[in-house]
Amino acid sequence: MATTTFISTTIATVTMETALFINTTQNLSIIIPTLSVAIPKCQFEAVSHPFVILLTIAYSAVIIVSLIANIMVIHYAASRKKLSRSFDRLIVNMAVADILDAMVGIPSNIAYFYMGIKWFPGVLGELTCKTINFGTNISIAASGFTLVAIAVDRYFAIAHRSKRSLSRRTVKFSILMIWVISGMIFSSDYYRFRVLEMSGHIVCLQDRRMWGNKAIEIDTIVKFVLNYGFPLSAMAILYGLIIRYLWRRKAPGYASDSIERKIHLQRRNSVKKLMTIVFVFAFCWFPVHVMHFLAAFNADVFLCTSIYIPLTCIWLAHANCAINPCLYLYLSRRNRASPAKPSNTF
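Using full-length UniProt numbering, read the sequence shown as starting at 1 and increasing by one per residue.
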């Protein structure tokens, strides 16, 4: 598949049979630019059939749960004042990004287990090779950036109550920019993903032969910062400021302010809930980024690593598209009958 577009590495001196087992975390195979690279001094580990069946079931479960839960999220958000709330619009955008990952990225991973990186030739083959991987990558980036936008929206809605949350126009522009920036980050990947002939087989992978090792390392660092480091740092700072504000501002203690007290308490709960989603995002994606760095900076070690490790890391990363909506539905269920103002609730 194309889980961020990196572990797509294939060494020219490796036989096709071996290459078909080297997964890409963004197509689960990495093209080493130096064609003279020797095969690592370790025995290649083929994936066992029972593990393939297990991962197929696990991925299928993620697809089903993601589709059902994200559709429920969209329906729930759309039913609240016709998406008048900025928060609802952002939640819907995250759900759309997660659905795109579930519908495009995960099926290509499942196909990989049975077909390897084999592809089909022609214009259609070239188009699907580029589009599937590009679409998966931008959906993942868009989901992360949407979490940042949600953090910004909650910051203004809670810490700057007088300014309320983001305006409808601002949110629409933010959503547009989220997808544009996500596309720009992976625009070079759209060019690099190609249908090539390798050992008599037609394959779909990243052609990085024109790149040097240094360029691949820089590319890995830049994408890690933009797709993981920046979102987590931004959310940590914003939620930290919100927590600081809430803990310093005590809820009113008068009986006549009971509704205000409930609103304030719900703000605290909202931050905890949103931080839970952020924590899950960090937990799901950190292992696969470790694999990205290992593949880019020490390919020999990566290729000698048990194949079960990167495959599991990739599944965990994609599982985030099913966990996100489930968390939202679970954490928001108590707020549906709340008397608090919608703009300040989860």
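Cβ atoms here follow ideal geometry from the backbone N, Cα and C, with glycine treated the same way.
Check, Outcome
"Along the chain, where does the alpha helix (DSSP H) that runs through I53 open and close?", "H49 to A78"
"Tell me, please, whether the region 62-79 touches the region 116-134 by the rule of three or more beta-carbon pairs shorter than 8 Å.", "no"
"Judging by CA-CA distance, which residue of G200, F293, A151 and V203 is the nearest neighbour of V278?", "A151"
"Please go through the region 161-210 and give each complete beta strand (DSSP E) segment of 3 or more residues, from N-terminal end onward.", "193-198 and 201-206"
"From L176 to A46, what does the alpha carbon distance come to, in whole angstroms?", "43 Å"
"Exposed or buried, S108, counting other C-beta atoms within 10 Å across all chains shown (16 or more means buried)?", "buried"
"Do the CB positions of H318 and F224 come within less than 8 Å of each other?", "no"
"What does K118 pair with, by DSSP beta-bridge criteria?", "V203"
"Between which two residues does the alpha helix (DSSP H) containing T220 stretch?", "N213 to F224"
"Alpha carbon to alpha carbon, how far is M214 from R168?", "What sits at residue 214 in the sequence shown is Lys, not Met. About 43 Å."
"Can you list, in chain order, the residues of its chain with a C-beta nearer than 6 Å to that of V52? Leave out the 5 residues immediately preceding and following it.", "F113"
"Nearest-angstrom Cα distance between I243 and N269?", "10 Å"
"What residue from D98, L127, V195 and T312 has the CA that sits closest to T56's CA?", "T312"
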